[in-house]
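Number of protein chains: 6
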Amino acid sequence: MKSLTHLDENGRPRMVNVSDKAVTRRTATAEGRLLCSEQTLALVRQGRTPKGAVIHTAELAGIVAAKRTHELIPLCHSLALSGVSVTIELRDELPGFLVQSEVRSTGQTGVEMEALTAVSIACLTLFDMLKAIDRAMVIDQVAVVSKTGGASGAWAGTAHD
Amino acid sequence: MKSLTHLDENGRPRMVNVSDKAVTRRTATAEGRLLCSEQTLALVRQGRTPKGAVIHTAELAGIVAAKRTHELIPLCHSLALSGVSVTIELRDELPGFLVQSEVRSTGQTGVEMEALTAVSIACLTLFDMLKAIDRAMVIDQVAVVSKTGGASGAWAGTAHD
Amino acid sequence: MKSLTHLDENGRPRMVNVSDKAVTRRTATAEGRLLCSEQTLALVRQGRTPKGAVIHTAELAGIVAAKRTHELIPLCHSLALSGVSVTIELRDELPGFLVQSEVRSTGQTGVEMEALTAVSIACLTLFDMLKAIDRAMVIDQVAVVSKTGGASGAWAGTAHD
Amino acid sequence: MKSLTHLDENGRPRMVNVSDKAVTRRTATAEGRLLCSEQTLALVRQGRTPKGAVIHTAELAGIVAAKRTHELIPLCHSLALSGVSVTIELRDELPGFLVQSEVRSTGQTGVEMEALTAVSIACLTLFDMLKAIDRAMVIDQVAVVSKTGGASGAWAGTAHD
Amino acid sequence: MKSLTHLDENGRPRMVNVSDKAVTRRTATAEGRLLCSEQTLALVRQGRTPKGAVIHTAELAGIVAAKRTHELIPLCHSLALSGVSVTIELRDELPGFLVQSEVRSTGQTGVEMEALTAVSIACLTLFDMLKAIDRAMVIDQVAVVSKTGGASGAWAGTAHD
Amino acid sequence: MKSLTHLDENGRPRMVNVSDKAVTRRTATAEGRLLCSEQTLALVRQGRTPKGAVIHTAELAGIVAAKRTHELIPLCHSLALSGVSVTIELRDELPGFLVQSEVRSTGQTGVEMEALTAVSIACLTLFDMLKAIDRAMVIDQVAVVSKTGGASGAWAGTAHD
């Protein structure tokens, strides 16, 4: 039966010993949404604000945060990431922003947390830049989309939409 | 008409000059959810895992992250926080975890981003501790619940449920 | 006669006690240059690269670094900055990039180091993004341009050009 | 034709995927200058200040900063450095300080940015310690001197003096 | 004869070049004590305070600090740790707390400093949580207990009790 | 009766709300010892090693760490420190090193933890620089020596020697 690997047999937290795990190539993709009003989205898209600057700032913040995941999540291993990208798209149907990340590494632990952290911080950065005009925004549906590598191999989530 | 204060008249990002804002007491509360399977929630609640350790680790991670918000969100001001608390409850109806934060400060800028960061990192930490048993979890409905202080005064969001 | 305030009477480094200094509004502006080849500048300006992304990334990196100055410079006091902006312009006559920063705070210590750190890290970030096409770039003439506030009052440097 | 590897085909910033690069030994050396008045240099050299403390503090700050390069430069990969040294010499002919760094690593990316960051932060630290007596100092001619390792092999810059 | 490897032949600090060291599995264990009054220990053990929360917070703080050792100790190499655990026990005979850590890595440098940092920060965190009731506590006997791996092989300290 | 302020009524950790505390000048002094062999002390004192570099590096590391206390101790408030000094003396009678710190701030919380952190990290840095010649060193008797300011006023510890 499965149990929580971050806790030892006495329920004490630990950073799991991964010494015996194989070094493999790892990827993880994650996504999330920042839901906002139609007016906010329109303001970013059509008009008075430089869309590039808002989007670009949030994408960069997500990339930088991925590198600091192990500082933020107490029991995460520190990793040397091989590559990180974050993509933000404006979506009228939400209305809001779709944030996607892709993280790569070669090592003994997966990079799902790095991908999720990139998405979360990118969403928070969008929120910060837009909150003066829309306080009621919501960060939603942040989840792992897929992973490859490691003992458990490839995995793809079912869509949450 | 409202515009984005984090961008100057040329669309260049900046950390807004708040020198002329009044120093007031500020609070913000935020919340979010980590949705998981019934089995995962049951495992945390009933059984083979020390519930306290999982919940406690995530609450602490949220508190610590609130203090580092200005390092994570590029255009956020650094603040001396007066108090931070994070509360996580198990909720069968989700099923999942309800995460709530409260942040206090006395200064020239609001603390909504600190409250949201605390919730987001607490959710990510729960995710990290539970992902070995449930990869399909989702972080959902992260939003500001209320704020007080500052020129705009008190504000309370409409419920997202 | 003047002496080095960062060292005590035995030559031991210390973070100077500023408890008795007045709290005043402070500003500092600094600037620097990244010198590159004409081809590199032309590539950024005219063509195959999105100028905005290069410039914008470096401006953001400078803003973020200003907030971390006290972590990088061992004897600097930590400060709550009221505002930070970084501006990068393409200059054919160098050829290269002119980087300027402006930092504001209300406190007991000046913000010259924060302004200089913002310029230096913005230059380094430009270097990083362009080094694949031009390894021989040079960061040059990084200096304080002006300051206001504090016991010594306003000061403006002589131009270094 | 060369292009900017830190941007994808849409001009979006990314941390380049280096998964397929060979792991090789890497070195980089960089240098820079802090120009000051003759009086400032004389004060450090001859007299009332403990030269060692000023120089030593700046050398240490440079070493420590090299380890944090990936936190400061948004699209830099995090690296495990094998060795770092920073050397500062007093130079009457400038007048000022010559700062040199050498960084070593074994990995998939070069260490030029780490060497440049060490030099820049060492210069800023000198500036901080001396600014009470000389506000008009200038950081100048920060550049890569040489590199070895990686697909592009060894490279040595032309002297900037 | 032995000399200090962190200083070069001129007494200049450096981060030692470990490029030629073998990559081996490394472990280190360390321990320390926080001595307090009998009343403080009794309060944590028997009664009005949730023992788990105090102990757990300090264990987590130790684990997180181990990952940041290279940021705190200027000449330490940054390492990817394979595993970290921190264990705190209440000990009537001290009276006080016994703190033990175990750190694992695979690399070119030992992990003694990571183990000692974990113990030290765990002790400081206990101190922080208990100082409102006992200001006279003492952190004592922080030392390496054993190590394995590296050119010098296994080592075990003599007990300090 | 006294209770632990870092835990709420349910035993949940929190960063205590200090909004209603008076802003006062605060100082704290702390000390600790690094015990080593007579040979190690003699090596640092008499001979083959530049005493200044070892001592100076550890003093600087302590100062820098004081500024980062709130990042290391989960429930500590972040503070703007007004001044920090760390002094290390060689002591034949230990044999070893006596490390003392003094920290000043003006604010709503005490600075004992900052003073203790400065001492602890200075001791760890000494350990790191000397461990190649003496693995059996011990960090001992780290304690608060005195404090002033705050509601509880001045306090001086009884000597631990």
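Chains as they are written, first to last, in my numbering: chain A, 28 to 188; chain B, 28 to 188; chain C, 28 to 188; chain D, 28 to 188; chain E, 28 to 188; chain F, 28 to 188.
Each residue gets a CB set at the ideal place from its N, CA and C atoms; glycine is no exception.
Note that this is a predicted model, so its numbers are computed, not measured.
So which residues of chain I does residue i contact, with C-beta pairs closer than 7 Å?
| i | result |
| --- | --- |
| His83/F | Checking the listed chains, one finds no chain I in this structure; the protein chains it contains are A, B, C, D, E and F. |
What three-state label does DSSP hand residue i in the structure shown?
| i | result |
| --- | --- |
| Gly134/D | strand |
| Glu36/A | coil |
| Ala145/A | helix |
| Ala99/D | Position check: residue 99/D holds Leu in this sequence, whereas Ala was assumed. Helix at Leu99/D. |
| Leu125/C | strand |
| Met140/D | helix |
| Ala85/E | helix |
| Ala183/D | strand |
| Arg41/B | coil |
| Asp161/C | coil |
Relative to the C-alpha of residue i, which residue among the options is closest?
| i | options | result |
| --- | --- | --- |
| Thr184/D | Ala170/D, Gly176/D, Gly177/D | Looking at the sequence provided, one finds Gly at residue 184/D rather than Thr. For the residues Ala170/D, Gly176/D, Gly177/D, the minimum Cα distance to Gly184/D belongs to Ala170/D. |
| Thr96/C | Cys63/C, Ser179/C, Val146/C | Val146/C |
| Thr19/D | Leu61/D, Ala93/D, Leu70/D | The first residue shown for chain D is 28 and the last is 188, placing residue 19/D beyond what the model contains. |
| Val50/C | Val138/C, Arg162/C, Ile160/C | Val138/C |
| Ser128/C | Val45/C, Ala107/C, Thr114/C, Cys63/C | Thr114/C |
| Ser46/A | Cys103/E, Gln66/E, Thr133/E, Val126/E | Thr133/E |
| Val71/C | Arg39/C, Gln135/C, Asp161/C, Val43/C | Asp161/C |
| Cys63/D | Cys103/D, Leu34/D, Leu117/D | Leu117/D |
| Val91/C | Leu61/B, Val43/B, Ala149/B | Val43/B |
| Thr175/C | Val111/C, Val130/C, Thr152/C, Gly89/C | Val130/C |
| Gly177/B | Ala181/A, Ala159/A, Ala178/A | Ala159/A |
| Met164/C | Leu61/C, Asp35/C, Gly38/C | Leu61/C |
| Ala57/B | Ser179/B, Gly180/B, Leu157/B, Glu141/B | Glu141/B |
| Gln66/D | Asp167/D, Ile148/D, Leu157/D, Gly110/D | Leu157/D |
| Phe124/B | Lys48/B, Gly59/B, His104/B, Trp182/B | Gly59/B |
| Asn37/A | Ala80/B, Arg39/B, Pro40/B, His33/B | Ala80/B |
| Leu151/B | Val126/A, Ala88/A, Pro101/A, Ala107/A | Pro101/A |
| Gly110/D | Leu87/E, Ala149/E, Ser112/E, Thr136/E | Thr136/E |
| His33/B | Gln73/A, Leu121/A, Ala181/A, Leu153/A | Leu153/A |
For chain C, find out if any of its Cβ atoms is closer than 9 Å to the Cβ of residue i; answer yes or no.
| i | result |
| --- | --- |
| Ser46/B | yes |
| Arg118/D | no |
Going along chain E in order, which residues have a C-beta closer than 9 Å to the C-beta of residue i?
| i | result |
| --- | --- |
| Leu9/D | Only positions 28 to 188 of chain D appear in this structure, which leaves residue 9/D out of reach. |
For the alpha helix (DSSP H) that residue i lies in, which residues bound it at each end?
| i | result |
| --- | --- |
| Arg72/F | 65 to 73 |
Residue i touches chain E at which residues, Cβ-Cβ below 8 Å?
| i | result |
| --- | --- |
| Ala93/F | Those do not exist, as Ala93/F stays about 11 Å from chain E at its closest Cβ, beyond 8 Å. |
| Thr144/F | Leu151 |
Between residue i and chain D, is the shortest Cβ-Cβ distance under 9 Å, so that the two count as touching?
| i | result |
| --- | --- |
| Gln168/C | yes |
| Glu36/E | no |
| Ser147/C | yes |
Return no unless some Cβ of chain F is closer than 9 Å to the Cβ of residue i.
| i | result |
| --- | --- |
| Thr56/B | no |
| Leu70/E | yes |
Determine the extent of the beta strand (DSSP E) in which residue i is found, giving its start and end residues.
| i | result |
| --- | --- |
| Ala57/C | 51 to 62 |
| Cys118/B | According to the sequence shown, residue 118/B is Arg rather than Cys. First-last of the beta strand (DSSP E) with Arg118/B: 108 to 118. |
| Val172/E | 165 to 175 |
For residue i, which residues in chain D fall below 7 Å Cβ to Cβ?
| i | result |
| --- | --- |
| Ser105/E | Lys94, Ala107, Leu108 |
Do we get a CB-CB distance below 9 Å when we pair residue i with the residues of chain B?
| i | result |
| --- | --- |
| Leu125/A | no |
| Ile90/C | yes |
| Ala163/A | yes |
Applying a beta-carbon distance threshold of less than 9 Å, which residues of chain D neighbour residue i?
| i | result |
| --- | --- |
| Val50/A | Going along chain D, no residue has its Cβ under 9 Å from Val50/A, so there is no contact; the nearest lies around 12 Å. |
Establish whether the CB of residue i and some CB of chain E are separated by less than 9 Å.
| i | result |
| --- | --- |
| Ala181/F | no |
| Arg131/D | yes |
Quick one: is residue i near chain A, going by C-beta distance under 9 Å?
| i | result |
| --- | --- |
| Leu157/B | yes |
| Gly59/D | no |
| Thr136/E | no |
Just the chain A side, please: which residues come within less than 8 Å of residue i by C-beta, in chain order?
| i | result |
| --- | --- |
| Gly184/B | Arg162, Ala163 |
Starting from residue i, find everything on chain A with Cβ-Cβ shorter than 7 Å and list it in chain order.
| i | result |
| --- | --- |
| Val43/D | Gly110 |
Residue i touches chain B at which residues, Cβ-Cβ below 9 Å?
| i | result |
| --- | --- |
| His33/F | Correct list: empty, because the minimum Cβ distance to chain B is about 10 Å. |
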